[in-house]
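Numbering (the numbering used here), first residue to last: 681 to 1305.
From the three backbone atoms N, C-alpha and C, an ideal C-beta is built for every residue, glycine too.
Everything on this sheet refers to the single structure shown next.
Right, here's the structure in full:
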């Protein structure tokens, strides 16, 4: 299906802010905001909302992610590995949301020249993948440790006497400004590391994907993806820790203590007081660091929390697993079965090839399996572990400014962008040094108060799905495979798709057909509401949602493509999934019965409306096909 190119989305210059959100442009760095100077370029591009990473309007400081992420992808796409047909993704903030635009290379001569560079450089990484990936993990570990050492010492009446008696020759207060620069620089470095392997990981998978599509015209996308499924990756480790703790609770007779409810403190207190409860508490504490340093979303905004910060999330999941074990259920992931099915599919298709093609198939499959773990594992190191420390340190800096009397409360800090924070810190340190009041306190207090209702207004409305002129065919591999932005989805946004009130269309995420009631959940905090046999409907899932996949009968998401988290995990668990539907959370109601087909990417409505939260989940009929 091609797009109707006589239709388009509004240009940035034609759209207005929501009521109360006027003046939002002044909150963000100028180069992130559409302008008259850049209008010709912006009007010529297709921009779609990155609500996968920023699900709500961003506070000014939180826009740092939009800078670091798309600098990283652009640098590695354009200047380091020279992807033949892609220059990365341009980025703009609009009405508080992040919008990205694929930049394609279309000139054949340029594509050929870039391909030669890419083959040499990417070939080196592919040939030395395991060694270089090991070094990458070490680099990430060092970067996270460096973040952890950052501190913001309080400004005291006098500098410590060691400054004099050790002849340091400089004030300790300089560390406040220097450590802030370190915090920012480390964040940007981490996002450079992020894309060191990601583009190549996608490239290895896409190359195998394209070979299969050409060699086997009738093969489905899921069959291709299942050839690399069943691989143990680090992304499953946090969930494995929860399962192990559930098994230990059964072994020690602590299931009732877990299941009795209450606050995390009450649950842990009951367990600690129980016979042998101390053994379980010790195992729980051992698992927390690093495996509970997992955001309930993707960690791109300062107001998200990790499992470690909200222990109710892991404790509820452990309790659910423990109850299943006590009832005699097997909660283990079906890794061996998936591997057997994977190998059967591989053998079936490989047998159709001539010897030379079979050898190429083996080579490309081996590469896809080699690079695939990084596609899912990197999120743990970057978006979860590194972002967790980054936001903790940002919070410490916010507290420093509160203690210095510059800010009224920590939350005020996030209404400043990163360049404004730099100015404020110099003001505070310089004013302290000469013994006067900070010169910008009243100015920034007034500006923060002006911005608060603006941010609230921006967050009160959802992001417009897109701006600008869509291409006739959406071909960018990142847009399609990660974000689920396809030609069909864009047509749906334009109101010209074939989708009807009878159902939803999306991307086939994982094979299988399932029928049952849906449970619409907005965040991981709502996961305890999910009942066995229900079909999980969510904007998107994050790695920390893993426990839901042992309960759900199937999964539907608004956002995501073949390589999004929900699709990858559902293939590993053998659950049917339709991802990137665009509007599932808006159009479906908890209790409403649907039938999802993970091969076709369709969601069929079986009744007109749901029953809310009333009633029990009906039986589901799942058949892998």
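Asked, Found
"Beta-bridge pairing of residue 1257 - partner residues as DSSP gives them", "1190 and 1235"
"Cα-Cα separation, residue 1091 to residue 876", "33 angstroms"
"DSSP three-state assignment for residue 715, whether helix, strand or coil", "coil"
"Contact belief for residue 1115 with residue 1259 at Cβ below 8 angstroms, rounded distance in angstroms", "With 8 angstroms as the limit, residue 1115 and residue 1259 do not qualify as a contact, their Cβ atoms being about 59 angstroms apart."
"Contact under 7 angstroms by Cβ, residue 1183 with residue 1247", "no"
"Local conformation of residue 1229 per DSSP, three classes", "helix"
"Residue 1264 beta carbon less than 7 angstroms from that of residue 1194", "no"
"Selected residue, minimal CA-CA separation from residue 766, among 1157, 1255, 1266 and 1204", "1157"
"Any non-hydrogen atom of the ligand FMN within 6 angstroms of residue 1070 CB", "With respect to the ligand FMN, the structure offers nothing, as it holds no ligand at all."
"Burial state of residue 1179 (16 or more Cβ within 10 Å)", "With a pLDDT of only 48 at residue 1179, under 50, the local geometry of the prediction cannot be trusted, and no value is derived from it."
"Selected residue, minimal CA-CA separation from residue 826, among 1153, 919 and 1070", "1070"
"With 16 other Cβ atoms within 10 Å as the buried cut-off, status of residue 1052", "buried"
"Rounded Cβ spacing between residue 712 and residue 888 (contact assumed at less than 8 angstroms)", "Rounded, the Cβ-Cβ distance is 36 angstroms, inconsistent with contact."
"Length of the line joining the Cα atoms of residue 700 and residue 720", "28 angstroms"
"Spatial neighbours of residue 866 in its chain, beta-carbon cut-off 7 angstroms, leaving aside the 5 residues before and after", "823, 826 and 827"
"Sequence-distant residues of its chain with Cβ nearer than 6 angstroms to residue 722 (five each side left out)", "692 and 714"
"Residues near residue 1066 by beta carbon distance below 6 angstroms, same chain, minus five either side", "824 and 870"
"Where residue 852 falls: helix, strand or coil (DSSP)", "coil"
"Three-state class that DSSP yields for residue 688 in the structure shown", "coil"
"Backbone secondary structure at residue 915 - three-state DSSP", "helix"
"Cα-Cα separation, residue 1172 to residue 1166", "10 angstroms"
"Whether residue 752 touches residue 874 by CB criterion (7 angstroms)", "yes"
"DSSP beta-bridge partners of residue 1195", "1275"
"For residue 902 and residue 1191, believed in contact at Cβ under 8 angstroms, the rounded distance", "4 angstroms"
"Residue 727 - containing beta strand (DSSP E), residue span", "726 to 729"
"CA-to-CA distance, residue 858 to residue 833, given in whole angstroms", "11 angstroms"
"Residue 758 - DSSP class collapsed to helix/strand/coil", "helix"
"Residue span of the beta strand (DSSP E) that contains residue 820, given as start and end", "Here residue 820 belongs to no beta strand (DSSP E); instead the alpha helix (DSSP H) covers 809 to 828."
"DSSP state of residue 1294 mapped onto helix, strand, coil", "Only weak support is given to the placement of residue 1294: the predicted model assigns it a pLDDT of 39, under 50, and the question is left unresolved by the model."
"Inter-stretch contact at 8 angstroms, needing at least 3 Cβ pairs: the region 756 to 770 / the region 778 to 789", "yes"
"Coarse secondary structure for residue 697, derived from DSSP in three states", "coil"
"One or two residues paired with residue 1185 in a DSSP bridge", "1282"
"First and last residue of the uninterrupted alpha helix (DSSP H) at residue 904", "901 to 906"
"Nearest to residue 703 (by Cα), restricted to the options 1137, 989 and 932", "1137"
"Contact belief for residue 1011 with residue 1230 at Cβ below 8 angstroms, rounded distance in angstroms", "6 angstroms"
"Buried versus exposed, by CB contacts within 10 Å (16 or more), residue 775", "buried"
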